[in-house]
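Participant:
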Amino acid sequence: MDDQKYMRMALDLAKKGRGWTSPNPMVGAVIVKDGKVIGKGWHQKYRSLHAEREALANCRQSAKDATLYVTLEPCCHHGNQPPCTEAILESGIKEVVVGCLDPNPLVAGKGIEILKNHGILVRNGILEQECRQLNQAFLYWIQTGYPYCALKYAMTLDGKIAAASGESKWITSSKARNQVHLLRHEYAAILVGINTVLKDDPMLNCRLENTKDPIRIVVDTHLRLPLDSQLVQSAKNIPLIAATCQNDSTKIAEYEKAGVTVLICQSKDNQVDLKDLFYQLGQMKINSVLIEGGPAIAASALDQGLVQKVYTYISPKLFGGTHSKSPIGGQGAWYPSDCIKVKGCKVHTIGADFLIEGEIESNVYRDH
């Protein structure tokens, strides 16, 4: 029971890094000696001290013969920080309890092996599922090379994302919209289509205190992104990526002068191939993407099996009408049995609205 108690403490510490550590994982560490916690730490932001070194630096007494609880296997390679295994060995810690293994090929069991080879007792798998769940975006990216992708949309009880006029502001309450800004903080990037930009001229930033802005990504097949849009005008302060199939050197030079990163992507059905875009994003160490685009972008991402999670905000309103838009476009499922299934759904009440979040179980429509 003590193992779970201290690992849960380490998990709670790790969560304090949510939104700040990407592309690194969130990690928490607790050092226990003679039944008392003598040091705590977490990875606070990218390039800062790792959790183990932070905990050792915060120790109230010598860590010799103490036990270290850490949510993820200690690193054993030189990156932005030196190996945590070295700090553990130098500290005199006698036992290390690990939540889950790090699948990063630079670690992948080697950290534990080094500790064991130096006589340290290592136990693994304490609250493993919770430790893995905490870093599902990092783990997915490391294992596949693609960013972990979530689809977010807001709709009425009858499944509409806009009224017949096309107006969508606002379907949900300010409380629900504030919660969306927390999501923007948590994900490394936010993605929309060019039609959303042309219609709404959004900033796509995070408007809450003590949060960070995500990298903004616009899927813009024909480079129609206005140079005077809020996105382009703020590109030197908040990163902006335009994904296109248009290799127009003159236009690209104008965007780059404004601070925009332009990615030339392969074409699929005369549109940006999202799978190629996501591959490039993964290579850029963007390990998570929140899609806030319209029905076409949502359908394309689902069709290509890129979505792992869905956030559905529901407002207790009815728009009705055959011309009111639904959140997901495309052909969709031909038969009920062809559907994309969502598992592990959780329902949250946010003021008068509801949030249903779940993970994609079968992420491609069955083809008939």
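Numbering-wise (the UniProt record's numbering), the sequence shown opens with residue 1 and increments by one.
We put the CB at the ideal spot given by N, CA and C, even for glycine.
#1: In the DSSP assignment, the alpha helix (DSSP H) including K341 goes from what residue to what residue?
#2: Alpha carbon to alpha carbon, what distance is there between G159 and G19?
#3: Where do the ends of the beta strand (DSSP E) carrying N124 lie?
#4: Rounded to the nearest angstrom, how far is the Cβ of A298 from that of P327, given a contact under 8 angstroms?
#5: Can you tell me the Cβ-Cβ gap for G99 and V70, rounded? I've got them flagged as a contact below 8 angstroms.
#6: To the nearest angstrom, report how far apart N104 and W170 are at their CA atoms.
#7: When the Cβ atoms of the region 111-131 are set against those of the region 149-163, are three or more pairs found closer than 8 angstroms?
#8: Helix, strand or coil: how does DSSP classify L171 here?
#9: Below 8 angstroms CB to CB, which residues in the same chain sit around T211 once its five sequence neighbours on both sides are set aside?
#10: Could you tell me the boundaries of the beta strand (DSSP E) in which A154 lies?
#11: Within 10 angstroms of its Cβ, does H368 collect 16 or more other Cβ (buried), or is it exposed?
#12: So, V96 versus I120, is the Cβ gap smaller than 8 angstroms?
#13: Taking E95 as part of the alpha helix (DSSP H), name the residues at either end of that continuous run.
#14: Can you tell me whether Q308 is buried or exposed, with buried defined as 16 or more other CB within 10 angstroms of its CB?
#15: The alpha helix (DSSP H) spanning R47 covers which residue range?
#16: V310 and E357: beta carbons closer than 8 angstroms?
#17: Quick check on K325: does DSSP put it in helix, strand or coil?
#18: On a Cα-Cα basis, can you pick out the residue from Q271, G321, D303, H118 that is closest to C339?
#19: Please report how far the alpha carbon of H348 lies from the alpha carbon of T244, in whole angstroms.
#20: Between A63 and the rest of its own chain, which residues show a CB-CB distance below 8 angstroms, the 5 nearest in sequence each way excluded?
#21: May I have a chain-ordered list of the beta strand (DSSP E) segments no shorter than 3 residues that lie completely inside the region 204-252?
#22: Counting only the same chain and skipping the five closest in sequence on each side, list residues whose C-beta sits under 6 angstroms from that of A235.
#23: Whole angstroms is fine: what's the gap from A163's alpha carbon to P83's?
#24: Could you give the residue range of the beta strand (DSSP E) that holds A29?
#25: With H, G and I counted as helix, E and B as strand and the rest as coil, what does DSSP make of F138?
#26: Can you look up E361 in the DSSP assignment and give me helix, strand or coil?
#27: Note down, one range per segment and in chain order, each beta strand (DSSP E) of at least 3 residues found wholly within the region 257-344.
Facilitator: According to the structure shown:
#1: Looking at the DSSP string, K341 is not in any alpha helix (DSSP H); the run it does join, the beta strand (DSSP E), is 341-350.
#2: 30 angstroms
#3: 121-124
#4: 6 angstroms
#5: 7 angstroms
#6: 42 angstroms
#7: no
#8: According to the sequence displayed, residue 171 carries Ile and not Leu. Coil at I171, not helix or strand.
#9: G19, H181, L182, R184, H185
#10: 148-156
#11: Annotation note: pLDDT 40 at H368 (below 50); position unreliable, no value reported.
#12: yes
#13: First-last for E95: 95-100, but that is the beta strand (DSSP E), not the alpha helix (DSSP H).
#14: buried
#15: That residue, R47, is in no alpha helix (DSSP H); it is neither H nor E in DSSP.
#16: yes
#17: coil
#18: D303
#19: 37 angstroms
#20: I31, K33, I38, G39, L56, S91, G92, I93
#21: 215-219, 240-244
#22: A258, G259, V260
#23: 55 angstroms
#24: 28-33
#25: helix
#26: strand
#27: 261-264, 288-291, 309-315
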